[in-house]
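Read in order, the letters of the sequence shown correspond to residues 1010 to 1196 in our numbering.
First up is the structure itself, then whatever we jot down about it.
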Amino acid sequence: NFEELLKHRWAYITDDDIVALASNEESIHTQFVFGVFVYLTPVVRPTHRIRRATADRVHAAPAEIVTLQAEGRERFGPIATHHLAIHRARQPVGTLFSIPEDNTMQETRVLDAAVIMMEDTAAEPEEDIVEIEVELFVTWVKMLVKRSTLREAVGLSQHDIVTTGIFHGFRSDATRRGRPGRRPRNV
């Protein structure tokens, strides 16, 4: 239909327009501009990559997870359920439900287990106590402290994933700057 459109547009040019265009120094063909818009069908993209999750899919995914848990095949904590819901929402419609075998899913399960352990530990306060050594007036003194308050003081989270994972050896900004309330020394 491009040829028909071109003839239709060319018909709008009058003889007076041609005389006006011919009176200029440039040729008629260089003065005549015809805008064309070409519409192409969208390229079909592969569906095996990560897709953007739609709101409808995000709302529908938890129901599928509840069904999976009701069948008794799997149990998930709240953190793993959230990750799995987003993962499921990104899958194309009609894809079979699958649990990802990625590091994030493993980490969410570890975090859920840590939350359960923390809740159990909160009921047993003697489990939360550890012994540390502190230098006090040039003498090393052993002290009993609550692990949870010690982690809070150095800026660590309340689970043990940092002792074995990628954050092993992590030093928070608070420990690098010194104790709260003290000015850093000028070096």
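Just so you know, even glycine gets a beta-carbon here, dropped at the ideal spot from N, CA and C.
For residue i versus residue j, is the C-beta spacing smaller than 7 Å?
i: residue 1066; j: residue 1098; result: yes
i: residue 1137; j: residue 1155; result: yes
i: residue 1140; j: residue 1153; result: yes
Quick one: is residue i buried, meaning 16 or more other Cβ sit within 10 Å of its Cβ, or exposed?
i: residue 1050; result: exposed
i: residue 1117; result: buried
i: residue 1146; result: exposed
i: residue 1043; result: exposed
i: residue 1103; result: exposed
Among residues of its own chain, excluding the 5 on either side of residue i, which ones have a beta-carbon nearer than 7 Å to its beta-carbon?
i: residue 1078; result: 1084, 1085
i: residue 1039; result: none
i: residue 1018; result: 1043
Skipping 5 residues on each side, what residues in its chain have a beta carbon closer than 6 Å to that of residue i?
i: residue 1120; result: 1088
i: residue 1143; result: 1150, 1152
i: residue 1100; result: none
Please work out which residues of its chain come closer than 8 Å, Cβ to Cβ, to residue i, disregarding the five sequence neighbours upstream and downstream, and give them in chain order.
i: residue 1030; result: 1037, 1040, 1041
i: residue 1113; result: 1092
i: residue 1022; result: 1041
Inter-stretch contact at 8 Å, needing at least 3 Cβ pairs: the segment 1092-1109 / the segment 1071-1082:
yes
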